[in-house]
Amino acid sequence: MAGRGPTPKDPDRRQRRNAAKDLAVVTEAPAAVPEVPAPPAGLLKRTRERWAAYWASPVARLADPVSDLPALERLFALYDDLERSNATVKRRGHMVTGSQGQAVLNPLLRHIQVTQAEVRQLEDRFGLSPRARLSLNVTLGEAARSLADLNSEFVGGGEDDDDPRFDVVDGETA
64 MAGRGPTPKD PDRRQRRNAA KDLAVVTEAP AAVPEVPAPP AGLLKRTRER
114 WAAYWASPVA RLADPVSDLP ALERLFALYD DLERSNATVK RRGHMVTGSQ
164 GQAVLNPLLR HIQVTQAEVR QLEDRFGLSP RARLSLNVTL GEAARSLADL
214 NSEFVGGGED DDDPRFDVVD GETA
């Protein structure tokens, strides 16, 4: 049977202040973004719909609508640019006439390729794919957990099976 460890000393009476840090309690953040920020001006209807869908998703709870807003606006502007570029390539074709009258690959295809790479980087930063969420150690279920749940793991007062200080050897706490 594992016993409870000794009660920590009052921080003012500690001699070695670096030995045991007190766990800070994180105040609870709102469960959802209170208000959807306005999308960047001039976006296509489809991109504005994606903007609203993003802010309604559980992943948006991890974004700070103030400090992350410029990068998110850039991401959605890139989505919009991709929509427009793909529509132009679809209308004009993959091959266009070059300056000497020869058939050349549409230069927009290179632009699309570069833009898609930048979009992927921003999507990874914001956890907008299953793989990106895994690399950020976030699942949608964890994104929905409140900070109160996370704090309870630290300040719940229960025994910590992983802490070797709570191991009992021959009736004594190690």
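In terms of my numbering, the numbers along the sequence shown are unbroken and rise by one, the last being 237.
Ideal Cβ placement from N, Cα and C applies to all residues, glycine included.
Source: prediction; values computed, not measured.
Own chain, CB closer than 7 Å to residue i, minus 5 neighbours either side, in chain order
i	result
residue 87	For residue 87, the pLDDT reaches just 48, beneath the cut-off of 50, and the residue's location in the model is therefore unreliable, although a value from the coordinates is still provided. Correct list: empty, nothing qualifies.
residue 161	167
One or two residues paired with residue i in a DSSP bridge
i	result
residue 166	160
9 Å Cβ cutoff, residue i in contact with chain C
i	result
residue 107	Protein chains in the displayed structure number just one, and chain C is not present.
Environment of residue i [buried if 16+ CB atoms lie within 10 Å]
i	result
residue 143	buried
residue 196	buried
residue 126	buried
residue 190	buried
residue 102	buried
Rounded straight-line distance, which links the Cα of residue j to that of residue i
i	j	result
residue 111	residue 123	15 Å
residue 194	residue 138	18 Å
residue 130	residue 164	49 Å
residue 154	residue 146	12 Å
residue 166	residue 182	29 Å
residue 92	residue 115	At residue 92 the pLDDT is 49, less than 50, meaning the model places this residue with poor confidence and gives no usable figure here.
residue 319	residue 159	Coverage of the chain is limited to positions 64 through 237, which leaves residue 319 absent and any answer about it impossible.
residue 69	residue 104	60 Å
residue 192	residue 72	46 Å
residue 132	residue 106	16 Å
residue 117	residue 150	23 Å
residue 100	residue 200	26 Å
residue 120	residue 180	23 Å
residue 187	residue 76	46 Å
Own chain residues within Cβ distance below 6 Å of residue i, not counting five before or after
i	result
residue 157	169
residue 152	169, 171
residue 78	none
Terminal residues of the alpha helix (DSSP H) in which residue i lies
i	result
residue 122	Neither: residue 122 is in no alpha helix (DSSP H) and is coded neither H nor E.
residue 152	132-155
residue 193	193-198
heavy atom of the ligand ZN below 8 Å from residue i C-beta
i	result
residue 184	Questions concerning the ligand ZN fall outside what the structure shown contains, since it holds no ligand whatsoever.
Own chain partners of residue i with C-beta closer than 8 Å, once the 5 adjacent residues on each side are dropped
i	result
residue 148	171, 174, 175, 178
residue 109	146
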